[in-house]
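See below for the structure under consideration.
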């Protein structure tokens, strides 16, 4: 996850402000315009269309946000055995309470990775004389 990311016309990925923890003053809250950066890799034998599903879940596995689509692996240049596709997805991430969350990414019906996110209360500066 990042504050901002893009993939240019040559396929080069630029990412700014990578994070896995957010500190907030109030809950429930929303982490606005969170960029989820994906680079999906496969073998040359996997050229073609594949289904992808993304779920944002809390620690109990309850889906708070989700969507599905497809990813296309194109023919790589001669001599290249791996194929890859990149994507930058932007979400307003709901955070109902402090705790552990994750983006679950499934490819062709199988969970392939989890991207964790921890949300907690921001620490306030101690008042004079307090620790």
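Residue numbers (the working numbering): 23 to 153. Ideal Cβ placement from N, Cα and C applies to all residues, glycine included.
Anyone know if the C-beta pair for residue 29 and residue 75 falls short of 9 Å?
-> No, these two residues do not count as a Cβ contact at 9 Å.
Look at residue 143 and residue 81 and say whether their C-beta atoms are less than 9 Å apart.
-> Their beta carbons are not under 9 Å apart, which means residue 143 does not touch residue 81 by this criterion.
Helix, strand or coil: how does DSSP classify residue 81 here?
-> Three-state result, residue 81: coil.
Who pairs with residue 138 in a beta bridge, going by DSSP?
-> The secondary-structure analysis by DSSP pairs residue 138 across a beta bridge with 124.
Can you name the residues that DSSP bridges to residue 130?
-> The partner list for residue 130 (beta bridge, DSSP) is empty, contrary to what the question assumes.
Residue 31 versus residue 146: straight-line alpha-carbon distance, rounded | Looking at the two C-alpha atoms, the distance is approximately 43 Å.
Does the region 84-104 come within contact of the region 130-143, defined as at least 3 CB pairs closer than 8 Å?
-> No, the region 84-104 is not in contact with the region 130-143.
Determine the burial state of residue 49: buried for a count of at least 16 other Cβ atoms within 10 Å of its Cβ, exposed for fewer.
-> It is exposed - the Cβ of residue 49 has fewer than 16 other Cβ atoms within 10 Å.
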